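A.B. asks:
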Amino acid sequence: MPHKYYTLDQAKQQLPVAEKHLRRLMRLKRALALMDSIEVTCKSCGYDHLQSNTLFNRKYHKHSYEFYKNLEKLEGMGCVVKDIDLGLVDFLGYHDGREIFLCWKVERRTSPTGTSSTPASRGESLAGCSRRAGRTRS
């Protein structure tokens, strides 16, 4: 699949859509990790246990499907997902004839307790993190 390249302004325009999918990915990853940590054992399993186990597995697979669906949407936009836990994605761009990454990190929202980490400005994040991707435009 050919790469999609963004100007800084084009990448900024895509941030609301990218943020929606990335936040969903972050939530789903946490939910799947929690579900993975649950170990169910049963000495005398009956029908009710079988039903509960089937429901649990169905929810797990639904979350897993949604996770990959959102990941595919981000990748389909041309985003390079760097770190889901941190909410870090790159948009490919060009500068001075070289391929670069326009980095963006999702802002942390204030928690119900009133604490928050220092959010990065969206514009500064995109403009300020341009590592070279290593290829030159032909």
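Numbering (my numbering), first residue to last: 1063 to 1200.
Even glycine gets a Cβ: it sits at the ideal position worked out from N, Cα and C.
Treat the numbers as computed from the prediction; the structure is a model and nothing was measured.
Straight-line CA distance for ALA1073 to CYS1165?
C.D. replies: Their Cα atoms are separated by approximately 10 Å.
A.B. asks: Helix, strand or coil for GLY1159? Go by DSSP, reduced to three states.
C.D. replies: It is coil, neither helix nor strand.
A.B. asks: Using C-beta distances below 6 Å, list every residue in its chain close to LEU1154, excluding the 5 sequence neighbours before and after it, in chain order.
C.D. replies: Same-chain partners within the cutoff: HIS1065 and TYR1067.
A.B. asks: Could you name the residues that DSSP lists as bridge partners for PHE1153?
C.D. replies: DSSP, once it has assigned bridges, lists CYS1141 and LEU1164 as partnering PHE1153.
A.B. asks: Quick one, are the C-beta atoms of SER1228 and LEU1094 less than 8 Å apart?
C.D. replies: Nothing can be reported for residue 1228: it is not among the residues displayed for the chain, which extend from 1063 to 1200.
A.B. asks: Between ARG1160, GLU1161 and GLN1076, which has its C-alpha nearest GLU1137's C-alpha?
C.D. replies: Looking at the Cα atoms, GLN1076 is the closest of the given residues.
A.B. asks: Please identify the residue among GLY1159, ASN1132 and TYR1156 whose C-alpha is closest to the C-alpha of ALA1080.
C.D. replies: Among GLY1159, ASN1132 and TYR1156, the Cα nearest to that of ALA1080 belongs to ASN1132.
A.B. asks: Since LEU1090 and PHE1129 are thought to touch, with beta carbons under 8 Å apart, how far apart are those beta carbons, to the nearest angstrom?
C.D. replies: Indeed they touch by this definition, with Cβ atoms about 4 Å apart.
A.B. asks: Assuming the contact rule is C-beta atoms closer than 8 Å, VAL1168 and ASP1152 should be a hit. Round their C-beta distance to whole Å, please.
C.D. replies: Not really, about 13 Å apart at Cβ, beyond 8 Å.
A.B. asks: Rounded to whole angstroms, what is the Cα-Cα separation between ASN1115 and ASP1158?
C.D. replies: Distance between the alpha carbons of ASN1115 and ASP1158 is about 56 Å.
A.B. asks: With DSSP run on the structure shown, which of helix, strand or coil describes GLU1101?
C.D. replies: In this structure, GLU1101 counts as coil in the three-state DSSP scheme.
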